[in-house]
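Enquirer: Chains A and B are the protein sequences, given in the same order.
First residue of the first sequence: 1, per my numbering; consecutive thereafter.
First residue of the second sequence: 798, per my numbering; consecutive thereafter.
Before I ask anything, let me first share the structure, which is written out below as structure tokens.
2 protein chains.
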Amino acid sequence: MAPIGSLLWRSLRVWQIYGANTEVGKTVLTTILCKSARDRYKNELIAYLKPVSTGPLDEADSHHLDKYAKGVAHATLHQYDLAISPHAAARGKFVPSDKSLLESIYAHAAQTAARSPGWLFIETAGGVHSPGPSGVSQAELYKPLRCPVVLIGDSKLGGISLTISAYESLRLRGYDIEAVLLLRDEQYRNWEYLTEYFKEHHGIPVYSFFPPPQREAESLELDAERMGKYYGAASQAPIIHDVLEHLDSRHKARIARLESMAHSAHGKIWYPFTQQKLLAPSSITAIDSANENFFQTLVPESTSGEPGNEPLLQPSFDGSASWWTQGLGHGNTSLTLAASYAAGRYGHVMFAEAIHEPALALAETLLHGMQNPRLTRVFYSDDGSTGVEVAVKMGLRAARVRYGWSNKENLGIIGLKGGYHGDTIGAMDCAEPSAFNENVEWYEGKGMWFDTPSVKCVKGKYIVEIPEGLRGLLKSSHPEFATLADVFDIEKREKARHHEAYEQYIEKTLHHHLSQGRKFGAVLLEPVVLGAGGMILVDPLFQRALVNVVRRSSHLFGSEGGDAISDEQSWSGLPIIFDEVFTGLYRLGRFSASSFLGIHADISVHAKLLTGGLVPLCTTLASESILRAFESNDKTEALLHGHSYTAHPIGCNVATESLRQMQAMERNGDWDWAKKGGWSKAGANETLSDSKVWSIWHTEFVGWLSNHAAVAGAWALGSVLAIHLNAPGGAGYTSNAAVNLRDMLRCNANETTEAPWNIHSRVLGNVLYMMGGQHTSEEEILELEEVLTKALSTLNL
Amino acid sequence: MAPIGSLLWRSLRVWQIYGANTEVGKTVLTTILCKSARDRYKNELIAYLKPVSTGPLDEADSHHLDKYAKGVAHATLHQYDLAISPHAAARGKFVPSDKSLLESIYAHAAQTAARSPGWLFIETAGGVHSPGPSGVSQAELYKPLRCPVVLIGDSKLGGISLTISAYESLRLRGYDIEAVLLLRDEQYRNWEYLTEYFKEHHGIPVYSFFPPPQREAESLELDAERMGKYYGAASQAPIIHDVLEHLDSRHKARIARLESMAHSAHGKIWYPFTQQKLLAPSSITAIDSANENFFQTLVPESTSGEPGNEPLLQPSFDGSASWWTQGLGHGNTSLTLAASYAAGRYGHVMFAEAIHEPALALAETLLHGMQNPRLTRVFYSDDGSTGVEVAVKMGLRAARVRYGWSNKENLGIIGLKGGYHGDTIGAMDCAEPSAFNENVEWYEGKGMWFDTPSVKCVKGKYIVEIPEGLRGLLKSSHPEFATLADVFDIEKREKARHHEAYEQYIEKTLHHHLSQGRKFGAVLLEPVVLGAGGMILVDPLFQRALVNVVRRSSHLFGSEGGDAISDEQSWSGLPIIFDEVFTGLYRLGRFSASSFLGIHADISVHAKLLTGGLVPLCTTLASESILRAFESNDKTEALLHGHSYTAHPIGCNVATESLRQMQAMERNGDWDWAKKGGWSKAGANETLSDSKVWSIWHTEFVGWLSNHAAVAGAWALGSVLAIHLNAPGGAGYTSNAAVNLRDMLRCNANETTEAPWNIHSRVLGNVLYMMGGQHTSEEEILELEEVLTKALSTLNL
């Protein structure tokens, strides 16, 4: 993976020169910048880099610079002799990969920074989207470097349009354009319009320069002399000094802000899920930007070195996938464009009794993707917590109407111990009392929660840990499996009647609670993995047994009224709600996590990955048989729930694009490497097509982890890896067992493991988890596994 | 205002031709399109429109078309004889306003549609951002027309970049680009790259054409002959037929989708706050797009006429400001760019123990803008409901810690009858039982709610309606004021001791509840206006009295422990929470609605307008004295609340830009027209600078409304107008009194009022409300008032 660091040093001001078009005077203006910097900063290094140059060598920009701006250290990384765009010029020649090109730019800049304080101007080729050698647009290609930009405007007819468009293309990729420079064409006078435009709309200064003398073919020497004079005058002009001063101050301001952000935030932000008293400014990470699976984070001051030639930014692997939301990579341009388009076409438009394309398209995509014939309706809200509240309101009402209960009845939900569904009070009330909620004033657990048989790889074997209450019923208190695929082979396990003990236990427990007069209105489960509760991998057989028992037990929960079960799509027993906020939409490798259980939920909640890690949005899917409970001639019997930004077009459009991309990746077999290298290897009898239980983390690595002395157990499924560490003081949210490992991984690039990047991970008590995105490659996973291996080896000492 | 309709007719396929640059062959390719359409659609009208043409008349595009594509109806709206960009060519000449230019394009297209089925190609000038006559970029200017686009790519060196950038500039303004056409340049072969690029990234077909013959100056006749042959061949080529077929099918598909959306939505969407049983597909509005304060909505089928020459879209004023979120106009490009930039730079980045620029900048802007010395902290969440839950958790904990109560204590909040704070259970529990919540299973009102003295203009006078329980204490049960400014002149009213009766009542009521052993943990108020509860304008003196009584009554609520009041910024009595989700951030004309009361809250919640109507985001601001209650060495005593998309950079960046714009508008006096024309007129002794109680709705109009027989009372403040209609069956949420008026306003463009647009408004029981945005002009308000006047006059008959 070798993520690319962004280019930021205290001592070296690095600027990228983009042109609004080809032949706008990019090289001329860069030469003026270099020459003027050379004169002004006498004790510093002035450097120029052309990563990719096309055209004959003696006409190369670097050559030009050598001639007219003496004393500037110049370099070209790749030279192609045809005067056409790099991707065309490179045909049939050596084509560096995007990655290696970025690496060599980084290396060059780092060497320059190490030599002396100074300036480095990096000149691009052609326009902002002119393709680099690989064919990828430069604006896209160079994005991870996050160089501030000097944009060279176009002074010709049409140049106003090109300059603004170029600006917008850069901007939507997160570039900071700090100045626009352009030549003065007295006929079109674009600089006049552009100066006003950029000042008014973007607060960016525009600087204009007299154009160089026309070349006259009859005398090369005379041309050179005139050009020399031109550069001499231009580089002395007050305006270019203004430009350099402005760029210098922007550089300093950027660093000053980055370095003060943690302190400011410490005083002004009230952090979620954080004991502020224990939070020091030094433990707040300043994030400059993010690209693919990496943040660019500020290197802590103490380690960045005095001389100013140490990099200020380092890549940090986003190990929590930004709180489980991230899928298609940070700064994904397709998603940005999906958001931009919806913003431009609609902004937000109110949703009650209205419909717009993004909301309808997303509803269709989700209902189709779920492959669940029960689900026909989509209700929109803003986040997993609100979506669960909607689901619970739906479920309870459906049960109350069918069983003819009054609205004063105390209805509870049925869930699992360790389940968690969000932080609004209604969602909190769905979870058993725990560290998350027991201190919260209005929390009141409303339901009953079953003990949860959970799965871990322990010393190379997959163990189902059976809670105490269940042990008497099962032959073994720790059933063992060779592979996770075996655990998930529900058909085989049901044939062997392994579910019967579970069902017996569930029935017995239900009877017990119901006999005490309790009433339940819905089952609420996170299928397969209980996330916030501590990354508990639940025995799928148990969740399936629970649903099956409930569905055949209508008689237990109440006496059915007129709204009896009319078809196979109707709920029976109790409405089954699956909270797939974390586990759905490919987090575990499949569109819906419910498919691992072979269960069709009546209500299904989706968020997080839904918008591919961009903006909040949640959908609660439901069946007609749930909706019918709200149908009435009385409008107050409707589901009176809604948020102002319900079905906001930006979120819906991003989600549709995100799902489209993930579904295409699945169809195209983009994860075949993981399917091949994962569980199927261990399961001898499986063919690839059968291996639907897979992970991007390697089976061998999980096996290694499970044998580590500090590890109580581990598992990996889809993009998730969970390491349960031994917790001498007791497991759970209040444990600090995983904090040491987390801190080691987060060390400055990476002292513990010697990787040129670090890992920003989150812990849940004694569990350290990590997740990749949909684009994470096997190479990345191997490197992450190596870093983890090294860190754990050190931890063990 | 005269909003512009988008150009959509069933019978007329309207396409806008944009060029990636000037001189890319726009006119040549448009001529081929016209000529080929002429040949292919023999019985139809083929029309060409150049809204703005520059250069000598005999070289004009229209002239060219006349020569080479006979039988095409062509027109030019504005001709300037200099061959430079329109804004420059128009210097010193007649410059049509953007509005009148759009109106004349609309009129031209409508006439064309009325004549015959056919095609209309509208050719722009130069590149996408080439300024129109007024200087505004064409991409921005023509946006409200929402014409689908044929983009002419650039085939020259650098053209790849220009074509992609032009595409992106159009896209982020909500344009649908349906085809890219370009000339084939055999040297650069841009069409090869672009074909692959647009297919892969955007699913858009690229069509390439052989270039026209070079002009040879020696013989104009020969040139013309060659061009004639070229056009003859080009317009017969299979590829141009493919283009026309593609464009025709996209046109039909757009209409088919628009017309089927309501039906599809009716079957797939579960609508918020809607009794689905009473919802017919015909009452679902299909929204094609939105611009400034208007939606473009599908005209209901029955009224669009058989022949297909009636417009399919009409402008509908967004009277609910899209559920109170909209401020700076739909499709506001500054906000789009703010969102795009954050998406490109970060996507979402996790927020626990991290900081990024947009979140910090927004926190700083809010804390500074509030001008409330108590507020020092910003907690982020996703919507008003979650933000209120956070606020309540904060408030209750602070009270519990100070007064030494256990976490089992039943704490309630103190609020007002009619207050409403959101639909998650915790937020619902803050409201008294009402139609919104009494049917919801887990709802349990937790608190006590004071009767609310409210204000309305009735028969030209501002009456404070005093609830029964209070009447004995006041001299008058309906105190009267000449102006709303008088009602809000708290200083004067307190000097006259009008608050004393309120305070007496509040103290007495508190004593009563506390003496019964009840405990309260916070005061939660919507300052000035209770929104969802029915647009109740509360007597500000009462809210102020309530806060003042609570703040001086610590002894009543509990016995203070060690965490006593340490300074003026600390809370006393109970934490005061202001829910400014609806009323804050300029909705009522001021940054904070609390300033109307002269009260500094301890906790303040902000959403809706926060992001200018783009994406969900909420902030809960709090004081250090609230934060301290959560400080501990135990992490489970922290505020354990957080959503995955907490402080998402897109929302934060959009909010910062939105607040910046609104603050600048206030500084620049953009609302002076309203301040001048509003309340100050009526208040004889006020100077403009004193008139801080103002509305964009005219005092005279509110007065007229208040005298209408169907109206119980009305008020206007900031951008909000509320009309309380007489409700024979009783006021409140279940009333249908306002539905008739709403339906009349929503009639097809506008049968009732003869306006060329309609009003999409929402009602709350017997209240019809309407709100403008920050950019709403006095002209718009006058027209809206006229439409309302006509509708109400009809209603009265």
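Heads up, the beta-carbon is just placed ideally off N, CA and C, and yes, glycines get one too.
Since we're looking at a predicted model, the values are computed, not measured.
So for Thr-909 of chain B, helix, strand or coil by DSSP?
Expert: Numbered from its first residue, the second sequence carries residue 909 of chain B at position 112. Under the three-state reduction of DSSP output, Thr-909 of chain B falls in the helix class.
Enquirer: Can you pull the chain B neighbours of Ile-269 of chain A, defined as C-beta to C-beta under 9 angstroms?
Expert: Sequence index remark: in the first sequence, residue 269 of chain A carries index 269 (1-based). Per Cβ cutoff of 9 angstroms: Phe-1148, Ile-1152, Ala-1156, Leu-1157, Ala-1160, Arg-1174, Val-1175, Phe-1176, Tyr-1177 and Ala-1444.
Enquirer: When Cβ atoms are compared, which residues of the stretch 399-414 of chain A fall closer than 7 angstroms to chain B?
Expert: Arg-400, Asn-407 and Leu-411
Enquirer: Counting only Cβ pairs nearer than 8 angstroms, list the residues of chain B close to Lys-456 of chain A.
Expert: Numbered from 1 along the first sequence, position 456 holds the residue referred to as residue 456 of chain A. What Lys-456 of chain A touches in chain B: nothing, since even the nearest Cβ is about 25 angstroms away.
Enquirer: Taking only beta-carbon atoms, is Asp-743 of chain A less than 9 angstroms away from chain B?
Expert: Position 743 of the first sequence, counted from the first residue, corresponds to residue 743 of chain A. Closer than 9 angstroms: no.
Enquirer: Helix, strand or coil for Pro-1112 of chain B per DSSP?
Expert: Position 315 of the second sequence, counted from the first residue, corresponds to residue 1112 of chain B. Pro-1112 of chain B falls in the strand class under three-state DSSP.
Enquirer: Please confirm if Glu-438 of chain A has its CB atom under 9 angstroms from at least one CB of chain B.
Expert: Position 438 of the first sequence, counted from the first residue, corresponds to residue 438 of chain A. Output row for Glu-438 of chain A: interface = yes.
Enquirer: Below 9 angstroms between beta carbons is the criterion; list the residues of the stretch 304-331 of chain A that meet it against any residue of chain D, in chain order.
Expert: Given the protein chain composition of this structure (A and B), no chain D is represented.
Enquirer: Within a Cβ cutoff of 7 angstroms, which residues of the same chain sit near Glu-657 of chain A, ignoring the five residues on either side of it in sequence?
Expert: Position 657 of the first sequence, counting from 1, holds the residue named residue 657 of chain A. Within the same chain, Glu-657 of chain A has close Cβ partners Ser-334, Leu-335 and Ala-338.
Enquirer: Leaving out five residues before and five after Ala-1195 of chain B in sequence, what residues of the same chain have Cβ atoms less than 6 angstroms from its Cβ?
Expert: Against the second sequence, residue 1195 of chain B aligns to sequence position 398. If we look at Ala-1195 of chain B and ignore the five residues flanking it on each side, its Cβ neighbours are Pro-1372, Ile-1423 and Ala-1426.
Enquirer: For the structure I just gave you, are there three or more beta carbon pairs, one from the stretch 916-923 of chain B and one from the stretch 828-838 of chain B, closer than 8 angstroms?
Expert: yes
Enquirer: Assuming Phe-1176 of chain B contacts Ala-1419 of chain B under a Cβ cut-off of 8 angstroms, what Cβ separation, rounded to an integer in Å, is found between them?
Expert: Residue mapping note: residue 1176 of chain B aligns to position 379 of the second sequence, counting from 1. Residue mapping note: residue 1419 of chain B aligns to position 622 of the second sequence, counting from 1. Confirmed, about 7 angstroms.
Enquirer: What is the DSSP secondary structure of Ser-36 of chain A, counted as helix, strand or coil?
Expert: Counting from 1 along the first sequence, the entry for residue 36 of chain A is found at position 36. In the structure shown, Ser-36 of chain A sits in a helix (DSSP, three-state: H, G or I).
Enquirer: What does Leu-200 of chain A touch in chain B if you count any residue whose Cβ is under 9 angstroms from its own?
Expert: Against the first sequence, residue 200 of chain A aligns to sequence position 200. Looking at the sequence shown, residue 200 of chain A is not Leu but Glu. For Glu-200 of chain A, none of the residues of chain B pass the 9 angstroms Cβ criterion, the least Cβ distance being about 10 angstroms.
Enquirer: For the structure I just gave you, are there three or more beta carbon pairs, one from the stretch 997-1008 of chain B and one from the stretch 1028-1045 of chain B, closer than 8 angstroms?
Expert: yes
Enquirer: Cα separation between Asp-634 of chain A and Ala-1534 of chain B?
Expert: The residue you call residue 634 of chain A lines up with position 634 of the first sequence. The residue you call residue 1534 of chain B lines up with position 737 of the second sequence. Approximately 15 angstroms, taken between the alpha carbons.
Enquirer: What runs of the beta strand (DSSP E), each 3 residues or longer, lie entirely inside the stretch 1510-1566 of chain B?
Expert: Within the stretch 1510-1566 of chain B, the complete beta strand (DSSP E) runs of at least 3 residues are 1517-1522, 1555-1557 and 1559-1561.
Enquirer: So does Glu-438 of chain A have its beta carbon nearer than 8 angstroms to some heavy atom of the ligand COA?
Expert: Although the ligand COA was asked about, the structure shown includes no ligands whatsoever.
Enquirer: Using 10 angstroms around the beta-carbon of Lys-953 of chain B, count the other beta-carbons present and answer buried if the total reaches 16, otherwise exposed.
Expert: Your numbering for residue 953 of chain B matches position 156 in the second sequence. Flag for Lys-953 of chain B reads buried.
Enquirer: Excluding five sequence neighbours on each side, which residues of the same chain lie with their C-beta closer than 6 angstroms to the C-beta of Phe-542 of chain A?
Expert: For the purposes of this step, residue 542 of chain A is identified with residue 542 of the first sequence, where counting begins at 1. Same-chain partners within the cutoff: Pro-453 and Tyr-502.
Enquirer: Asn-1504 of chain B versus chain A: which residues are under 8 angstroms apart at the beta carbon?
Expert: As a first step, residue 1504 of chain B is located in the second sequence; it is residue number 707 there, counting from the start. Near Asn-1504 of chain B there are no residues of chain A at all, since even the closest Cβ is about 31 angstroms away, more than 8 angstroms.
Enquirer: Looking at C-alpha atoms only, which residue of A:Ala-363, A:Ile-164 and A:His-708 is the closest neighbour of Asn-726 of chain A?
Expert: Residue 726 of chain A sits at position 726 when you count from the first residue of the first sequence. Nearest option by C-alpha distance: A:His-708.
Enquirer: Listing by chain order, which chain A residues have their CB less than 9 angstroms from the CB of Glu-965 of chain B?
Expert: Counting from one through the second sequence, the residue named residue 965 of chain B turns up at place 168. By Cβ distance, chain A contributes His-129, Ser-165, Glu-168, Ser-169, Leu-172, Leu-337 and Ser-340.
Enquirer: Whose C-alpha, out of B:Trp-1470, B:Asp-1467 and B:Leu-1407, is nearest the C-alpha of Ser-644 of chain A?
Expert: In the first sequence, counting from the first residue as 1, residue 644 of chain A sits at position 644. Ranking the options by Cα distance to Ser-644 of chain A, first place goes to B:Leu-1407.
Enquirer: Less than 6 angstroms between C-beta atoms, sequence neighbours within five positions excluded: which residues of the same chain meet that for Glu-1265 of chain B?
Expert: Stepping through the second sequence from its first residue, residue 1265 of chain B is reached at position 468. Counting only Cβ-Cβ distances below 6 angstroms, and skipping sequence neighbours, we find nothing.
Enquirer: Measuring only between beta-carbons, confirm whether Thr-386 of chain A sits less than 9 angstroms from chain B.
Expert: Here the question's residue 386 of chain A lines up with position 386 in the first sequence. So yes, Thr-386 of chain A belongs to the interface.
Enquirer: Within 8 angstroms, do at least three Cβ pairs link the stretch 580-588 of chain A to the stretch 536-553 of chain A?
Expert: Under the Cβ criterion (8 angstroms, minimum of three pairs), the stretch 536-553 of chain A does not count as touching the stretch 580-588 of chain A.
Enquirer: If you draw a straight line from the alpha carbon of Glu-1262 of chain B to that of Glu-1277 of chain B, how long is it in whole angstroms?
Expert: Position 465 of the second sequence, counted from the start, is the residue given in the question as residue 1262 of chain B. Position 480 of the second sequence, counted from the start, is the residue given in the question as residue 1277 of chain B. Whole-angstrom Cα-Cα distance: 9 angstroms.
Enquirer: I need the DSSP call for Gly-1184 of chain B, collapsed to helix, strand or coil.
Expert: For the purposes of this step, residue 1184 of chain B is taken as residue 387 along the second sequence, with counting starting at 1. Look at Gly-1184 of chain B here: in three-state DSSP terms it is helix.
Enquirer: Alpha carbons only, please: which of B:Cys-1254, B:Gln-1093 and B:Gly-1181 is nearest the one belonging to Thr-424 of chain A?
Expert: For the purposes of this step, residue 424 of chain A is taken as the residue at position 424 of the first sequence. Among B:Cys-1254, B:Gln-1093 and B:Gly-1181, the Cα nearest to that of Thr-424 of chain A is on B:Gly-1181.
Enquirer: Alpha carbon to alpha carbon, how far is Asp-743 of chain A from Ser-962 of chain B?
Expert: Along the first sequence, read from residue 1 onward, the residue named residue 743 of chain A stands at position 743. Along the second sequence, read from residue 1 onward, the residue named residue 962 of chain B stands at position 165. Cα to Cα, the separation comes out at about 43 angstroms.
Enquirer: Could you give the distance in angstroms between the alpha-carbon of Glu-700 of chain A and the alpha-carbon of Glu-786 of chain A?
Expert: On the first sequence, residue 700 of chain A is found 700 positions in, with the first residue counted as 1. On the first sequence, residue 786 of chain A is found 786 positions in, with the first residue counted as 1. Cα to Cα, Glu-700 of chain A sits roughly 12 angstroms from Glu-786 of chain A.
Enquirer: Of all the options B:Tyr-1138, B:Ser-1312, B:Ser-1178 and B:Ile-1001, which has the alpha carbon lying nearest to the alpha carbon of Leu-969 of chain B?
Expert: Residue numbering aside, residue 969 of chain B sits at position 172 when the second sequence is read from its first letter. Looking at the Cα atoms, B:Tyr-1138 is the closest of the given residues.
Enquirer: Are the C-beta atoms of Asn-1545 of chain B and some chain A residue less than 9 angstroms apart?
Expert: Reading the second sequence from its first residue, position 748 is the one you call residue 1545 of chain B. It does not; no Cβ of chain A falls within 9 angstroms.
Enquirer: Against chain A, does Asn-1169 of chain B count as a neighbour if the rule is that its beta carbon must be under 9 angstroms from one of theirs?
Expert: Residue numbering aside, residue 1169 of chain B sits at position 372 when the second sequence is read from its first letter. For Asn-1169 of chain B, the answer is no, since every Cβ of chain A falls outside 9 angstroms of its Cβ.
Enquirer: Considering Cα atoms alone, identify which of A:Gln-569, A:Arg-746 and A:Arg-254 is closest to Trp-15 of chain A.
Expert: As a first step, residue 15 of chain A must be located in the first sequence, where it is residue number 15. Comparing Cα positions, the closest option is A:Arg-254.
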